[in-house]
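Notes follow once the structure below has been shown.
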Amino acid sequence: MNSDFGPDGASSPTVLCPHGHINAWNYKFCGECGAAIGVVAWPDETVASDDAGSTGRRVALTAIVATAVVAVVVAAVVGFLAMRPSSDDDAGARPDGFGSAATAIPALAIPCTEGPVVQAESVDMTPEGLSVSAAFLTPCPGGDTVAGTGVRITVADGQRDIAAGLFDFSAQPVRLEPGAKAHRKLVFPDGMYWRTPDMFSGAPQLVLHPGEQAETVSARSGAETLVAEAPAKPEHGSIDGVAEAVLKELQGADSQYVNSSVANRWVPQISSKKAGLVVDGKTLSSADVLRNHLELRRKYSGVRLTHSGQWTTFSSPDWWVTVVGIPKLSASEANRWCDTQGLGVDDCFAKFVSSFFGVEGTTVYRK
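So for the sequence shown, our numbering puts the first residue at 19; every next one is plus one.
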């Protein structure tokens, strides 16, 4: 506290604000800066207080870290004791009454929920039927097995069905390992295919539809060739629907040659069929008509398909007619071809195909 003198020479007590301004002794706030006037704690007391607080915080933090480290160490020890293999000495009940020693948990087998993938490697026509060399793969990490009866496999070129059949894998299952291919040859006999390799290009798509699974799966390797046991529903549409579409497709493909090389000429006629026709007590379907034509097409060269409604020399307009597109100069020459093939008189005869003449005199049977 300082002393000052008034005008009468008498001294008056004064006090300094925190910023050094002189004020009367009884001022609570500085007249110049407005700072509060009072006793200020010594700097060493403030530092000591701050240091004590910092020390307290450091002690508390150190205690928390130490506690956490102890907890981690305890957890690690407990985990190690729980997971270590049990020995013969502690295999039974523990003497402290807390149960038996821990045993290893076996790995769980993950079931395969995705079916096998089948890829076509080549397609050929053989005497047994349409043959597809296929590769079987599995997307499942644990592998898979193709087994059971009634396994439906379809073959298609986009939306155009090629073949479909039911296969029996019960006697010779196909074991599929992850990342590896299992190769098999799939044969679709007559009546189980609708299109031949010359009717499509590129690799077709194969789809496997699981059938009835066998109770036990053999570990031995499957047969290299599997033949379909029965026709199956195609991937798109119905069997007769596909057959009708293919008959029209074949007629369209053959029409240019028939119009230019067969029309107004004698040719051997080797079949005429239609859906609903009864042959040997059986009512034919469109699939039966197509099957008959494809068999003849595979057996003889130059076979073509036409429709009776296109020509005036046929008495009925709704027959699918199969001819051998090797034009002859006369009916006798056409019938001679039938003789050389050993075909029956009702199965092969001379026919004049034309849209300018009537029915009379355009058919000559063999005697």
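Where is the CB? At the ideal position from N, CA and C, for every residue including glycine.
Keep in mind that this is a model prediction, so the values were computed, not measured.
Tell me where the alpha helix (DSSP H) around H17 begins and ends.
Absent from the structure is residue 17, since the part of the chain shown begins at 19 and ends at 385.
Mind checking which residues open and close the beta strand (DSSP E) that includes L244?
T243 to V245 is the extent of the beta strand (DSSP E) around L244.
Kindly indicate which three-state DSSP category I288 falls into: helix, strand or coil?
DSSP places I288 in the strand class (E or B) of the three-state scheme.
Exposed or buried, Y211, counting other C-beta atoms within 10 Å across all chains shown (16 or more means buried)?
So Y211 counts as buried.
Here's a check: name, in chain order, each residue in its chain whose Cβ is nearer than 6 Å to the Cβ of P159, leaving out the five neighbours to either side.
Closer than 6 Å at Cβ, skipping near neighbours: P196.
Per DSSP, which one or two residues make a beta bridge with L268?
Within the DSSP secondary-structure output, L268 pairs in no beta bridge.
Using a Cβ-Cβ cutoff of less than 6 Å, which residues in the same chain neighbour Q223 once the five nearest sequence positions on both sides are dropped?
Sequence-distant partners of Q223 (beyond 5 residues in either direction) whose C-beta falls short of 6 Å from its own C-beta, in its chain, are A174.
Presumed contact (8 Å Cβ cut-off) between G229 and V135, rounded CB distance
Contact doesn't hold; Cβ gap of about 17 Å is too wide.
Could you tell me which of V225, L308 and A349 sits nearest to G133, measuring between CA atoms?
The shortest Cα separation from G133 among V225, L308 and A349 belongs to V225.
Do you know whose CA, among R178, N41, I171 and S219, lies nearest L204's CA?
Taking L204 as reference, the option from R178, N41, I171 and S219 with the minimal CA-CA separation is I171.
Distance, I344 Cα to S278 Cα
One C-alpha to the other measures close to 12 Å.
Rounding to the nearest angstrom, what Cα-Cα distance links R15 and T163 in this structure?
Outside the shown range of the chain, which is 19 to 385, sits residue 15, and nothing can be said about it.
I'd like to check one pair, V377 with T340: are the Cβ atoms closer than 8 Å?
Contact flag unset, no.
Using the C-alpha atoms, what's the distance from S290 back to K385?
C-alpha separation (whole angstroms): 19 Å.
Since K292 and W329 should fall inside the 8 Å C-beta cutoff, what is the C-beta to C-beta distance between them, to a whole number of angstroms?
Between K292 and W329 the beta-carbon gap is near 15 Å, outside 8 Å, which marks them as no contact.
Look at the Cβ atom of Q177, then the Cβ atom of H254, and state whether they are nearer than 8 Å.
In this structure, Q177 sits near H254, with a CB-CB distance shorter than 8 Å.
Could you tell me the distance, in whole angstroms, from the CA atom of R202 to the CA atom of Y383?
Approximately 47 Å, taken between the alpha carbons.
I want to know whether the segment 367 to 376 touches the segment 307 to 316 - three or more CB-CB distances under 8 Å.
No, because fewer than three Cβ pairs between the segment 367 to 376 and the segment 307 to 316 fall closer than 8 Å, the two stretches do not touch.
With a Cβ-Cβ cutoff of 8 Å, do S188 and G166 count as a contact?
For the pair S188 and G166, the CB atoms are nearer than the 8 Å cut-off.
Just verifying my parser: in three-state terms, what is the DSSP assignment at V90?
Only weak support is given to the placement of V90: the predicted model assigns it a pLDDT of 43, under 50, and the value that follows is read from those uncertain coordinates. Note: V90 maps to helix in three-state DSSP.
Does the beta-carbon distance from L265 to V307 come in below 8 Å?
Against a cut-off of 8 Å, the Cβ pair of V307 and L265 comes out as a contact.
If I follow the unbroken alpha helix (DSSP H) through W329, where does it start and stop?
Note, W329: premise wrong, no alpha helix (DSSP H); not H, not E.
Spatial distance of G41 from C48 (CA atoms):
Per the sequence presented here, residue 41 reads as Asn, with Gly not at that position. Take the alpha-carbon of N41 and the one of C48: they are about 6 Å apart.
Between G11 and the rest of its own chain, which residues show a CB-CB distance below 6 Å, the 5 nearest in sequence each way excluded?
Past the boundaries of the shown model lies residue 11; the chain is included only from 19 to 385, so the question cannot be answered.
Which residues does DSSP pair with I40 in a beta bridge?
Per DSSP, L34.
When we look at the beta-carbon of A200 and count the other beta-carbons within 10 Å, is it buried (16 or more) or exposed?
Here A200 is buried, its C-beta having at least 16 other C-beta atoms within 10 Å.
With a CB to CB cut of under 6 Å and the five nearest residues on each side skipped, what residues in its chain are close to F206?
Counting only Cβ-Cβ distances below 6 Å, and skipping sequence neighbours, we find G147, L148, A181, G183 and A246.
According to DSSP, simplified to helix, strand and coil, what is R354?
Assignment of R354 by DSSP, reduced to helix, strand and coil, places it in the helix class.
Assigned exposure category for P145 - 16 Cβ within 10 Å defines buried:
Exposed, by the Cβ-count rule.
Cutting at 7 Å between CB atoms, please list the residues of its own chain near V260, excluding the five before and the five after it.
Only residues of its own chain outside the window of five on either side were considered, and among them D179, W212 and P252 have a CB closer than 7 Å to the CB of V260, listed in chain order.
Are the beta-carbon atoms of A53 and P31 separated by less than 8 Å?
Not in contact: A53 and P31 (Cβ atoms no closer than 8 Å).
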